[in-house]
Amino acid sequence: MSTGTSSSDVTATGAPRPGGPGLLGDLTVSRVGYGAMQLERLRDDRAAAVALLRRAVELGIDHVDTADFYGAGFVNDVLREALRPEDGVVIVSKVGAVSDPGGPLPLRPAQRPGELRASVEENLKSLGLDRIPVVNLRRLDVGPGIRATGPQVVDLDDQLAVMTELRDEGKIGAIGLSAVSLDVLRRALPAGIACVQNAYSLVGRDFEEMLALCAAEGIAWVPYFPLGGAFPGMPKVVEQPAVTEAAARLGRTPSQIGLAWLLRHAPNVLLIPGTATAAHLEENAAAGAIAFDEETLAALDAVPSQTTDILLG
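Here it is, written out as structure tokens:
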């Protein structure tokens, strides 16, 4: 007798995927994933970091976003320890910057082709993988965040050439883009793009045309800063009256409302909210089950976009 559950609705471990299944290139993953950057906050409690990742697997989260420069390698090292092949977790990493602990910011651009290749090699080593399922080229064309200047301003074709070589060599499975403009995405389409990561939220919807293009091309849209407010001066989703009112009415947190709106806004949205606590991880996963009535959705859709393009460095 059928249970009504599709094989795509559950992970390799049999856990239901939070938010249901979504496509990341040709891979099926949970629409609510996990951004691992905040694991660095658990540097002094490695056991807690490992336990948090194991809890993510239990919750059905099988899409984890990372980078070798997160915590100067600490985050990838914990991922290597905590995640097992049988978990079926799709690890997505990124290149285009490197850790710079002694600099004015913890990161510096690393955009040149040789640097991109070296970064992929470092990610393979720190993650303990022979192949990374998806690697995002973080271009630094748009903010918020650091920008490429001087010799770090590199032609897109040169970067895509080395990324394609790495894919052909089997070191990466698919190519993504991050912090890019609409023009760059259009130019990159012939290379085959699995996903785009740009800053995007209910209060920061500058990239609506790019989101639509991704949906039309079957490209996953993976917003970072999904609740806004990452830097001083950026608007916060959780402070919007329509969000707090919806949260009170539905018995949810404002953060859950902001994440649920993103999932409802477009079918190709995949979320990677980060946290260092199991309680928030569970709240984020539960956001995938929130449904809005028409009145609530209309009120959320009416929240104005207030993006502030912040340049650091």
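Sequence positions in the sequence shown follow my numbering and run -19 to 293.
The C-beta atom is built at its ideal place from N, Cα and C for all residues, glycine as well.
Residues in its own chain within less than 7 Å of residue i by CB, not counting five upstream and five downstream?
| i | result |
| --- | --- |
| Pro(-4) | Asp(-11), Val(-10), Gly40 |
| Phe49 | Ala77, Val78, Ser79, Leu87 |
| Arg232 | Ile270 |
| Gly238 | Ser181, Leu182, Pro206, Leu207, Val217, Val218, Val223 |
| Arg21 | Ala256 |
| Ala28 | Leu22 |
Please name the residue, chosen from the options, that lies closest to residue i on a Cα-to-Cα basis.
| i | options | result |
| --- | --- | --- |
| Asp135 | Ser99, Asn103, Pro93, Cys175 | Pro93 |
| Lys151 | Glu262, Gln139, Val115, Val164 | Val115 |
| Gly156 | Leu169, Ala174, Leu140 | Ala174 |
| Leu165 | Asp148, Phe205, Leu120 | Leu120 |
| Leu138 | Arg167, Ala28, Val55, Arg21 | Note that residue 138 is Asp in the sequence shown here, rather than Leu. If we check each option's Cα against that of Asp138, Arg167 comes out closest. |
| Ala303 | Pro84, Leu63, Ala200 | Residue 303 cannot be examined here, being either before or after the span of the chain that is shown, -19 to 293. |
| Pro65 | Leu19, Pro113, Leu22 | Pro113 |
| Arg11 | Asn248, Glu274, Pro284, Thr276 | Asn248 |
| Val131 | Glu95, Ala154, Gly153, Ala47 | Rather than Val, the amino acid found at residue 131 in this sequence is Pro. When each option's Cα is compared against that of Pro131, the closest is Glu95. |
| Glu274 | Asn264, Ala256, Ala265, Trp241 | Trp241 |
| Asp42 | Leu280, Ala279, Ala265, Phe272 | Ala265 |
| Asp24 | Ser(-13), Leu7, Val55 | Val55 |
| Ser32 | Glu189, Ala259, Gly268, Ala267 | It is worth fixing the name first, because residue 32 is Leu in this sequence and not Ser. Measuring from the Cα of Leu32, the nearest candidate turns out to be Ala259. |
| Gln91 | Ala200, Ala227, Lys74 | Lys74 |
| Val72 | Leu104, Leu85, Arg97 | Leu104 |
| Leu280 | Arg97, Gln236, Val176 | Gln236 |
| Thr257 | Ser(-13), Arg26, Pro(-2) | Arg26 |
| Arg244 | Glu189, Arg229, Phe272, Ala227 | Phe272 |
| Pro170 | Ala228, Glu188, Ile199 | Ile199 |
| Thr144 | Leu7, Arg97, Gln18 | Arg97 |
| Leu7 | Gly153, Ala227, Glu197 | Gly153 |
Less than 8 Å between C-beta atoms, sequence neighbours within five positions excluded: which residues of the same chain meet that for residue i?
| i | result |
| --- | --- |
| Thr(-17) | Note that Thr(-17) scores 41 on pLDDT, short of 50, meaning its location in the model is unreliable; the coordinates nonetheless yield the value given after this. Contacts found: none. |
| Asp57 | Ser106 |
| Gly108 | Arg60 |
| Pro81 | Ala52 |
| Met(-19) | Its pLDDT being 31, under 50, Met(-19) is placed unreliably by the model, and the measurement read from it follows with that caveat. There are no such residues. |
| Glu361 | There is no way to answer for residue 361, as the model of the chain reaches only from -19 to 293. |
| Glu225 | Ala279 |
| Asp67 | Thr(-9), Ala(-8), Thr(-7), Val37, Asp42 |
| Glu263 | Thr233, Ser235, Gln236 |
| Glu197 | Leu169, Ile173 |
| Arg34 | Ala62 |
| Gln18 | Gly254, Thr255, Ala256 |
Can you list, in chain order, the residues of its chain whose CB lies under 6 Å from that of residue i, leaving out five sequence neighbours each side?
| i | result |
| --- | --- |
| Gln286 | Val183, Pro215 |
| Leu277 | none |
| Ala195 | Ala246, Asn248 |
| Gln220 | Val283 |
| Gly228 | First, the residue type needs correcting, since residue 228 is Ala and not Gly in the sequence shown. None. |
Do residue j and residue i have their beta-carbon atoms positioned less than 8 Å apart in this structure?
| i | j | result |
| --- | --- | --- |
| Val9 | Gly2 | yes |
| Ala141 | Pro89 | no |
| Ala36 | Leu261 | yes |
| Arg111 | Ser158 | no |
| Leu250 | Gly13 | yes |
| Val100 | Leu146 | yes |
| Val69 | Val44 | yes |
| Gly254 | Ala16 | yes |
| Ile126 | Val202 | no |
| Pro(-2) | Gly172 | no |
| Val160 | Val122 | yes |
Residue i bridges to which residues according to DSSP?
| i | result |
| --- | --- |
| Thr8 | Leu3 |
| Tyr50 | DSSP, once it has assigned bridges, lists no residue as partnering Tyr50. |
| Ser73 | Val115 |
| Glu208 | Here residue 208 is Gly; the residue named in the question, Glu, does not match the sequence. According to DSSP, Gly208 bridges with Lys216. |
| Leu87 | Ser79 |
| Ala200 | Cys175 |
| Asp45 | Gly15, Val72 |
| Gly268 | None, per the DSSP bridge assignment. |
| Val(-10) | Pro(-4) |
| Val249 | Trp201 |
- Query: Taking only runs of the alpha helix (DSSP H) that begin and end inside the stretch 107 to 177, which ones reach a length of at least 4 residues, in chain order?
  - Reply: The stretch 107 to 177 contains these whole alpha helix (DSSP H) runs: 136 to 148, 162 to 168.
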